[in-house]
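Beneath this line is the structure, given in structure tokens, with notes to follow.
Protein chains: 2
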Amino acid sequence: MKTVLVITCHPDTRSLTGALRDHTVVTLTRLGHAVEQSDLHAMRWKATVDHDDFPAEEPAARLQPGAASRRATLGGTLTPDVQVEQAKLLRADAIVLHFPLWWFAMPAMLKGWFDRVFSNGFGYGIMPAAGTPGQASLRYGEGRLAGKRALICVTTGGLPSHFSERGINGPLESLLFPLTHGTLWYAGIDVLPLHGIFGTNRLKPDEFTPVARAWDTRLAGLFSDAPIAWRAQNGGDYDDGLCLREGLGGGTTGFDLHRR
Amino acid sequence: MKTVLVITCHPDTRSLTGALRDHTVVTLTRLGHAVEQSDLHAMRWKATVDHDDFPAEEPAARLQPGAASRRATLGGTLTPDVQVEQAKLLRADAIVLHFPLWWFAMPAMLKGWFDRVFSNGFGYGIMPAAGTPGQASLRYGEGRLAGKRALICVTTGGLPSHFSERGINGPLESLLFPLTHGTLWYAGIDVLPLHGIFGTNRLKPDEFTPVARAWDTRLAGLFSDAPIAWRAQNGGDYDDGLCLREGLGGGTTGFDLHRR
Chain A
11 MKTVLVITCH
21 PDTRSLTGAL
31 RDHTVVTLTR
41 LGHAVEQSDL
51 HAMRWKATVD
61 HDDFPAEEPA
71 ARLQPGAASR
81 RATLGGTLTP
91 DVQVEQAKLL
101 RADAIVLHFP
111 LWWFAMPAML
121 KGWFDRVFSN
131 GFGYGIMPAA
141 GTPGQASLRY
151 GEGRLAGKRA
161 LICVTTGGLP
171 SHFSERGING
181 PLESLLFPLT
191 HGTLWYAGID
201 VLPLHGIFGT
211 NRLKPDEFTP
221 VARAWDTRLA
231 GLFSDAPIAW
241 RAQNGGDYDD
251 GLCLREGLGG
261 GTTGFDLHRR
Chain B
11 MKTVLVITCH
21 PDTRSLTGAL
31 RDHTVVTLTR
41 LGHAVEQSDL
51 HAMRWKATVD
61 HDDFPAEEPA
71 ARLQPGAASR
81 RATLGGTLTP
91 DVQVEQAKLL
101 RADAIVLHFP
111 LWWFAMPAML
121 KGWFDRVFSN
131 GFGYGIMPAA
141 GTPGQASLRY
151 GEGRLAGKRA
161 LICVTTGGLP
171 SHFSERGING
181 PLESLLFPLT
191 HGTLWYAGID
201 VLPLHGIFGT
211 NRLKPDEFTP
221 VARAWDTRLA
231 GLFSDAPIAW
241 RAQNGGDYDD
251 GLCLREGLGG
261 GTTGFDLHRR
């Protein structure tokens, strides 16, 4: 049995996102997994990083968010809401994310979940063992969350062609690279290929079943499908300036350079 | 005289972001422009879209954010904080954005400014004049904010090589494509090339002056520098599926396909 944390961000659970989330919980349970949840709107999740996040800091002192985050993480003084989410992440073997695409990115509340929960010393800033040469901190394939998996289900009113290789919006995979590569993989998490659900404004009630069936296939592969083969920072593919070494990535461009 | 709206998102004004913002206000004033400001943390900006944003909706009714946003925009029932920001935008000839790069994107609070202020009927969903053939709504180069300009100043602790064409983080221009193309240009705004300030964790106090001087050059070009030459949706470059027409974009790939 695996433990899966399902993170949902939509202001109304009677939405497609909410229906998919409910379906996810049923399917994962049927597959024998234990399910934990973070429904950000139900939790009234605080999206913003500010002084209130660091009660151990001097109230009048200048707030440097990265440094304060590190002191709070290592000192155990992160706020309880963040500590609860970090504990859920540590218990989870995988996370599933449900959200609508707003302005070609996560809704602010979900972005704020990462801004606050992936704290310095937890989601990044993990130092290698003493005496390890090379990089300053473990990231891109390594870190405290390494070995866990993530599967993203994102809904949009746009059509597949709008998000295709030559589509006006740009490919969904590229638009969400800051999340899949720059956040999840940065923190060490293996990311499965995205699951995009398109044209949701035109979806009719009787079309939910095929949509849910297709999604079930992805849930069934949560622990067996191949993750995106992002290159590890410490895998020898990058030089000291963290540029991809010459001779690698031939035939590809852009973000795809960072796939093996 | 032009009017410039300076939007800042950092939890402490004694930060580099705050110092740059102060410098921006001085420089723009010296250049003869009128300056308005939105300092999101000072305003305690509400980042999250939820039921409270739509007081005219039935409290128990299912919230469909896009539809509710449209009714509120057209009906004049958006919350006062959003209406104030929209009025600032309408008065502005240009906007300047100051923010730190968090997880390769905007901080949640700033994302939430766009999620809420760029409402349906204001930032998107602008219908063409009756009888106009073609697209459903004006976007990507057209819309209510067309003709305005945007200049983005973003700070990061990462080094330029990490954000270079083969750098591990990906190019800054590509990471922020959802903002520059998918949000600002989508709403009709001309976007100037990004201004990234790198290695900010290692920046020494006596290095602020050259950083500010370089930024001043960008501010001086706010109304004269060439914007990024994104293709307009309605300019004939896209087919009915909103894919770039065959024969266009030769020699480029990825997001650059959408530059003329």
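In order, the protein sequence lines correspond to chains A and B.
Taking our numbering as reference, the numbering of the first sequence is continuous, increasing by one, and the terminal residue is 270.
Taking our numbering as reference, the numbering of the second sequence is continuous, increasing by one, and the terminal residue is 270.
No residue lacks a Cβ here, since even glycine has one placed at the ideal position from N, Cα and C.
Can you find a C-beta in chain B that's less than 9 Å from the C-beta of residue i?
i	result
Pro215/A	no
Asp60/A	yes
Thr193/A	yes
Gln74/A	yes
Gly180/A	yes
Thr87/A	no
Trp55/A	yes
Leu267/A	yes
Arg80/A	no
With which residues is residue i paired in a DSSP beta bridge?
i	result
Arg269/A	Trp240/A
Leu120/A	DSSP lists no partner for Leu120/A.
Asp200/B	Arg159/B
Val164/B	Phe109/B and Gly206/B
Asp148/B	Residue identity differs from the one stated: residue 148/B is Leu in this sequence, not Asp. Leu148/B is bridged to Ile136/B.
Ala104/B	Val14/B and Arg159/B
Ala115/B	Trp112/B
For the alpha helix (DSSP H) holding residue i, just list the boundary residues, first then last.
i	result
Ser25/B	Counting along the chain, Ser25/B falls outside any alpha helix (DSSP H), and DSSP gives it neither H nor E.
Ala77/A	Pro75 to Gly85
Val221/B	Phe218 to Ala230
Pro90/B	Pro90 to Arg101
For residue i, name the three-state secondary structure that DSSP assigns.
i	result
Pro65/A	coil
His51/B	coil
His43/A	coil
Gly264/B	helix
Leu258/A	coil
Gly177/B	strand
Gly192/B	helix
Thr210/B	helix
Phe109/B	strand
Ala271/B	As shown, chain B starts at 11 and ends at 270. That puts residue 271/B outside it, with no answer to give.
Leu15/B	strand
Leu185/B	helix
Ala29/B	helix
Leu38/A	helix
Can you check whether the C-beta of residue i is within less than 9 Å of a C-beta belonging to chain A?
i	result
Pro21/B	yes
Gly264/B	yes
Pro188/B	yes
Leu185/B	yes
Arg159/B	no
Gly209/B	no
Gly153/B	no
Arg24/B	yes
Gly358/B	Shown here, chain B extends from 11 to 270; a query on residue 358/B therefore has no answer.
Gly259/B	yes
Starting from residue i and walking both ways along the beta strand (DSSP E), at which residues does that stretch end?
i	result
Val59/B	That residue, Val59/B, is in no beta strand (DSSP E); it is neither H nor E in DSSP.
Selection of the stretch 231–254 of chain A by Cβ proximity to chain B, strictly under 7 Å: Look at the stretch 231–254 of chain A: the residues with a C-beta under 7 Å from a C-beta of chain B are Gln243, Tyr248, Gly251, Leu252, Cys253 and Leu254.
Residues from the stretch 92–125 of chain B in contact with chain A, defined by Cβ distance under 7 Å: Of all residues in the stretch 92–125 of chain B, those with a C-beta nearer than 7 Å to a C-beta of chain A are Trp112, Trp113, Phe114, Ala115, Pro117, Ala118, Met119, Lys121, Gly122, Phe124 and Asp125, reading in chain order.
Against chain A: residues of the stretch 164–179 of chain B by CB proximity under 8 Å: If the cut-off is 8 Å between Cβ atoms, the stretch 164–179 of chain B has Gly167, Leu169, Ser171, His172, Ser174, Arg176, Gly177, Ile178 and Asn179 near chain A.
Selection of the stretch 129–147 of chain A by Cβ proximity to chain B, strictly under 8 Å: Answer set for the stretch 129–147 of chain A: empty.
Residues in the stretch 39–51 of chain A having any Cβ partner in chain B nearer than 8 Å: Residues passing the 8 Å Cβ filter: His51.
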